[in-house]
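>
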Amino acid sequence: MRRLGTLALVALIAFAVWRVQTAEPLPEVVRVRVDFDGNITVSGQPCTLAEARDLLSSYIGRSAEIWYQREESEGRPHKTAMLLLDAIAGLGLPISLSTVPDFGDVILANGSVVPRVNRGRR
Numbered sequence: 000m001r002r003l004g005t006l007a008l009v010a011l012i013a014f015a016v017w018r019v020q021t022a023e024p025l026p027e028v029v030r031v032r033v034d035f036d037g038n039i040t041v042s043g044q045p046c047t048l049a050e051a052r053d054l055l056s057s058y059i060g061r062s063a064e065i066w067y068q069r070e071e072s073e074g075r076p077h078k079t080a081m082l083l084l085d086a087i088a089g090l091g092l093p094i095s096l097s098t099v100p101d102f103g104d105v106i107l108a109n110g111s112v113v114p115r116v117n118r119g120r121r
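So in numbering that gives the first Met the number 0, spot 8 of the sequence shown is number 7, and the numbers just go up one at a time.
Encoded structure:
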């Protein structure tokens with residue numbers, strides 16, 4: 000009986016190791032913010048619109064997701080914010096919109112806002 004228990008434990012551990020090795024890795028998260036005045040930060044670093052485009056283009060083909068947050072998201076967006084969104088869409092990168100500076104929520108396709116479950120990897 001003890002041998003059967005040991006065998007079951009070994010099988011369980013082997014399955015757990017296999018599951019971890021075959022699990023889909025979390026995407027690399029690139030946090031992009033635009034403030035009220037149109038100033039851009041990418042992963043916490045201030046940059047121009049052109050610099051942001053160049054930096055974001057380096058994520059094409061990688062397991063990356065853009066988390067985008069705009070200050071004063073209820074108001075009219077700054078022109079830079081719209082140009083940046085167009086650039087992200089043009090690059091074909093997956094994007095997730097947030098209403099709060101810590102990216103703790105996500106705006107769903109139907110417009111509702113829910114807490115972000117997956118915090119991604121940096």
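No residue lacks a Cβ here, since even glycine has one placed at the ideal position from N, Cα and C.
(1) Whole angstroms is fine: what's the gap from VAL33's alpha carbon to ARG69's?
(2) For ILE65 and VAL112, which I take to be in contact (beta-carbon distance under 8 Å), what is that distance rounded to the nearest angstrom?
(3) Using a Cβ-Cβ cutoff of less than 8 Å, which residues in the same chain neighbour ILE59 once the five nearest sequence positions on both sides are dropped?
(4) For MET81, which option in PRO26, LEU107 and PHE35 has the closest C-alpha, if you only look at C-alpha atoms?
(5) So what's ILE94 in DSSP terms, helix, strand or just coil?
(6) In whole angstroms, give me the CA-to-CA distance for LYS122 and TYR67.
(7) Use the C-beta contact count for LEU55: other C-beta atoms within 10 angstroms, 16 or more gives buried, fewer gives exposed.
(8) Name the one or two DSSP bridge partners that ILE39 has.
(9) Assign ARG69 to one of three DSSP states: helix, strand, or coil.
(10) According to DSSP, is ASP101 helix, strand or coil?
Taking the structure as given:
(1) Within the sequence shown, residue 33 is the residue found at index 34, counting from 1. Within the sequence shown, residue 69 is the residue found at index 70, counting from 1. Computed Cα separation, rounded: 5 Å.
(2) Taking the sequence shown and counting its residues from 1, one reaches residue 65 at position 66. Taking the sequence shown and counting its residues from 1, one reaches residue 112 at position 113. Going by Cβ atoms, the distance from ILE65 to VAL112 rounds to 18 Å, so no, they are not a contact pair.
(3) Numbered from 1 along the sequence shown, position 60 holds the residue referred to as residue 59. These residues qualify, in order along the chain: LEU90, GLY91 and LEU92.
(4) As a first step, residue 81 is located in the sequence shown; it is residue number 82 there, counting from the start. When each option's Cα is compared against that of MET81, the closest is PHE35.
(5) As a position in the sequence shown, residue 94 is number 95, starting the count at 1. Three-state result, ILE94: strand.
(6) This structure gives no information on residue 122, because the portion of the chain shown stretches from 0 to 121.
(7) As a first step, residue 55 must be located in the sequence shown, where it is residue number 56. Flag for LEU55 reads buried.
(8) Position 40 of the sequence shown, counting from 1, holds the residue named residue 39. In the DSSP output, where bridge partners are listed per residue, ILE39 has VAL33 and CYS46.
(9) Within the sequence shown, numbered from 1, the residue matching residue 69 stands at position 70. ARG69 falls in the strand class under three-state DSSP.
(10) Within the sequence shown, numbered from 1, the residue matching residue 101 stands at position 102. ASP101: coil per DSSP, three-state reduction.
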